[in-house]
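Let me begin by presenting the structure, written as structure tokens, before commenting on it.
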Amino acid sequence: MRGVKFEVVAECPETRARAGLLHTPHGVIETPVFMPVGTQATVKGLSERDLDEDLGARILLANTYHLYIRPGHELIRKLGGLHRFMAWKNAILTDSGGFQVFSLSGLRKISEHGVVFQSHLDGSPHQFTPQSTVDVQLALGSDILMALDECPEYPVSHEYARESMQRTVRWARQADEHFRKRMEGSQTGHALFPIVQGSMFPDLRRECAQALVELDADGYAVGGLSVGEPRPLSLEMVEATEQILPSDRPRYAMGVGMPAELAEYVARGIDMMDCVLPSRNARNGYLFTSAGRIIIKHARYRDDERPIDEKCKCYTCTRYSRAYLRHLFQSGEILYAVLATRHNIRRYLDIMHGIRRAIIANSFADYLRCVRQASAEEAG
RNA sequence: UCCUCAGUAGCUCAAUGGUAGAGCAUUCGGCUGUUAACCGAAGGGUUGUAGGUUCGAGUCCUACCUGAGGAG
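Here the first sequence is numbered in the numbering used here, starting from 1 and rising by one per residue.
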């Protein structure tokens, strides 16, 4: 039995975009989908009701490393699993800790067996292996588990990228084997996605994808993007693997991107994305609108009575002015983060809904042209 | 009227007689599988005023101005 089942419902005749349905144990997800990031079992600033009822989010990301370190996966298992712990009835995808290889690069050592992290909280050592990260994610009760990978920084040499990528492939095989054993006779459905690496080298990306396809996984991720490389390279790396990754499985581009890039990934065959930008930037005063960005602390918004985005129907935009939000931001008020996050996440989800509608209406190519034009105008 | 204390960036305050700084505020930039309600940059000064001592004064001396407290 597959842990998740993917069904393509419409395809763009001009690009590689497709609309689909991802069936998970915790609901059906319309794709392409944007997954808000809830690293520590919370999308910072938002409640379950905000996310589910107000924003209509159907899948969230959580993080294996962070929840393992605190409060501990065994505690969460004891309390009924992550869904119950965080009162989230929809789907959850958990990152493996592979990104922490990048983001906590000063606190870890990589070996053939896995990664030893020095806890960022108390410095204690913790061994992460392909097998142990599967176990932790199963303890959490994640719907979609990610295989342990190494997310290398940019730039790295072709030689290092190859070594690293090949190790990630070996880890993916070990994780997959362990996962299949753990799933034997299991009543609950889970999926394990391996992750394509290879830094910014198309040949390594292809080699990696080819090796991972042999695992016949429920879905595939492209990782190692947005680690400091020039923007066009990230899209090129997705392009390099699109033809290799099976078209009847969901493809997940990890950790991307800016609003105007979402359609670009979809156009290259991507079905799932996640990114901290809407949530983190919201808290830091950077708001996404249909007419470009708003940096709310700018003095020009001091007495601006308009909503963040006049076209937005979110909770924040239907009630509050830019002037008020700026005041809250400048005052360091908690409500600012709540309202801003609520808007930014809504913006990302709206974009993805628009993309999906366009694919189904057979007008995605036009949609993409509009996005590119608007993006060029904003930049120019 | 006298005594004491204090006057340094918009604010609160640092600075052995030796290149006037910090925090906050202001303005701007950054953030991409969250160590991030975070990080960074810039602008901003006749050191209350006028003299004096000194190679050199925010710092020591004198007078005055302003404020706070006290005495009468």
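Backbone N, C-alpha and C fix where the C-beta goes; we use that ideal spot for every residue, glycine too.
Predicted model, so just to flag it, every value in this text is computed and none were measured.
Applying the criterion that 16 or more other CB atoms from any shown protein chain within 10 Å of the CB defines a buried residue, is leucine 93 buried or exposed? buried
Under the three-state DSSP convention, the category leucine 277 falls into: helix
Tyrosine 252, enclosing beta strand (DSSP E) - first and last residue: 251–253
Stretch pair the region 45–61 + the region 108–126: three plus CB contacts closer than 8 Å: no
Whose C-beta lies closer than 7 Å to the C-beta of alanine 209 among residues of the same chain, with five residues either side of it excluded? Val196, Thr241, Ile244, Leu245
Expressed to the nearest angstrom, what Euclidean distance is found between the alpha-carbon atoms of phenylalanine 329 and alanine 337? 8 Å
Mapping DSSP to helix, strand and coil, what is valine 9? strand
From Trp171, Thr31, Ala260, Leu148, pick the residue whose C-alpha is nearest to that of arginine 293; which is it? Ala260
Inspect the CB distances between the region 280–290 and the region 18–32 and report whether three or more fall short of 8 Å. no
So, does the region 86–103 touch the region 59–67, judging by three or more C-beta pairs under 8 Å? yes
Cβ contact (3+ pairs, closer than 8 Å) linking the region 15–30 and the region 358–368: yes
Contact between the region 345–355 and the region 294–301: three or more CB pairs below 8 Å? no
Aspartate 176 - DSSP class collapsed to helix/strand/coil: helix
Indicate the three-state DSSP secondary structure (helix, strand or coil) for glutamate 333 in the structure shown. coil
What are the residues that DSSP puts in a beta bridge with alanine 365? Answer is none; alanine 365 lacks a bridge partner.
So glutamine 131 and alanine 175 are in contact, right, with Cβ under 8 Å, and what is the actual spacing, rounded? 7 Å
Taking its Cβ as the centre, do 16 or more other Cβ atoms sit within 10 Å of glycine 56, making it buried, or is it exposed? exposed
Please name the residue, chosen from Gly189, Arg268, His178, Pro278, that lies closest to glycine 257 on a Cα-to-Cα basis. Pro278
Check the C-beta distance from valine 227 over to phenylalanine 102 and give it rounded, since I have them as a contact under 8 Å. 6 Å
Could you tell me whether the Cβ atoms of arginine 346 and cysteine 314 are closer together than 8 Å? yes
Quick test of your reading: glutamate 74 and alanine 139, contact by CB under 8 Å. State the CB separation rounded to the nearest angstrom. 6 Å
Can you give me the C-alpha to C-alpha distance between glutamate 378 and aspartate 309, rounded to a whole angstrom? 16 Å
Alpha carbon to alpha carbon, what distance is there between serine 186 and leucine 215? 20 Å
If you scan the region 197–254 from start to end, which runs of the beta strand (DSSP E) of 3 or more residues do you find wholly inside it? 220–222, 251–253
Is the beta carbon of arginine 167 closer than 8 Å to that of glutamate 112? yes
Which residue marks the beginning of the beta strand (DSSP E) containing aspartate 135, and which one marks its end? Not the beta strand (DSSP E): aspartate 135 falls in the alpha helix (DSSP H), residues 130–140.
With burial defined as no fewer than 16 other Cβ atoms inside 10 Å of the residue's Cβ, what is the status of glutamate 305: buried or exposed? exposed
Determine, using beta carbons only, whether phenylalanine 193 and alanine 221 come nearer to each other than 8 Å. yes
Return the Cβ separation of glycine 27 and asparagine 90 in integer angstroms, given the expectation that the two are a contact with Cβ distance under 8 Å. 5 Å
Please classify leucine 67: is it buried, with 16 or more other beta-carbons within 10 angstroms of its beta-carbon, or exposed? buried
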